[in-house]
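To get the numbering used here, take the position in the sequence shown, counting from 1, and add 237. No residue lacks a Cβ here, since even glycine has one placed at the ideal position from N, Cα and C. Take a look at the structure below.
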Amino acid sequence: MSIDVALSNSQKRQCFNLLRKLSPWRKGPFRLGGIDIDTEWRSDWKWQRVAPHLAPLKYRKVLDVGGGSGYHAWRMAGEGAAFVLVIDPSPRFYWQFQAVRHFVGDADGGRTQFLPVGIEDVPEKLGFFDTVFSMGVLYHRPSPLEHLQQLKEALAPGGELILETLVVEGDEQTVFVPGERYAAMPNVYFLPSSKALCHWLERCGFSNVRVVDEAVTTLDEQRSTDWMTYQSLADFLDPDDPTLTVEGYPAPRRAVIIANRA
């Protein structure tokens, strides 16, 4: 995402220093006033894979659950969404979003907003949003079916869910529950196969459920950078066999599933 704003050298240095204080930057990349923020994730690649499969976002009301710095939300707004709300409880992500907002200004007409809350803070049976995104959230939930129900209740009838999460290979009955850590992450609970996840969605009352993308995460898509200097995917894989995590589990594999609220 690029926002070209003319800055003097002193302004650019000041902005650079302030933006660096908000590190680590995980979702992006951004180019703000000539400052390139090389984030841990190439979220633009994910967007390119997902976007062709979406119902047109023009004039739609969109909720982005666990949206981080808001990278995907700005892309949604760029597709003409009438309103985009990011929810994420992280204070760091909130201020990263506000930093980007500083450069965006009023260019989006205020259509893109951020609330530092989680999905549990969304009113029950809201039935408001035309499109709901949940990307990289489900595997962090100890009750995944409850999360799917919360997403469904946020959607208007006929609305579209875009669900991206870690999966494993297998049939409709395959669900992997790792030990204390998965790829060094301590809060990973359920990793279903994409077929099992489709079954879950159907049991939760979704229709037109389909897998639109599934692939092993590459070291080019998730990596350490000058803007995210902590350990990243390369550090969480078996150094002798990158098809396995450091715990000996299958390496991270992600799927994108789209479904509609009946």
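Query: Please name the residue, chosen from R263, E397, H290, I272, that lies closest to W278 on a Cα-to-Cα basis.; Result: R263
Query: In this structure, what does DSSP give as the bridge partners for I274?; Result: F267
Query: Runs of 4 residues minimum, wholly inside the stretch 361 to 443: which ones carry the alpha helix (DSSP H) assignment?; Result: 381 to 391, 431 to 440
Query: Taking DSSP as the reference, what is the three-state secondary structure of P487?; Result: strand
Query: Taking the straight line between their C-alpha atoms, what separation do you get for G473 and G416?; Result: As written in the sequence, residue 473 is Phe, which differs from the Gly given in the question. About 15 Å.
Query: Can you give me the start and stop residues for the beta strand (DSSP E) that L322 sits inside?; Result: 320 to 324
Query: Out of P326, V448, G305, K298, which one is the CA nearest neighbour of L363?; Result: K298
Query: Which residue's Cα is closest to the Cα of V369: A420, A421, V359?; Result: V359
Query: Taking the alpha carbon of I272 as the point to measure from, which residue in K389, K295, N246 has its own alpha carbon closest?; Result: N246
Query: Which same chain residues end up closer than 7 Å to P328 when comparing Cβ atoms and leaving out the 5 residues on each side of it in sequence?; Result: P353
Query: Going by C-alpha distance, which of P289, E439, L403, G304 is nearest Q386?; Result: E439
Query: Around the Cβ of R447, are there at least 16 other Cβ atoms within 10 angstroms (buried) or fewer (exposed)?; Result: exposed
Query: Decide yes or no for the touch test of the stretch 384 to 404 against the stretch 306 to 314: beta carbon pairs closer than 8 Å, at least 3 of them.; Result: no
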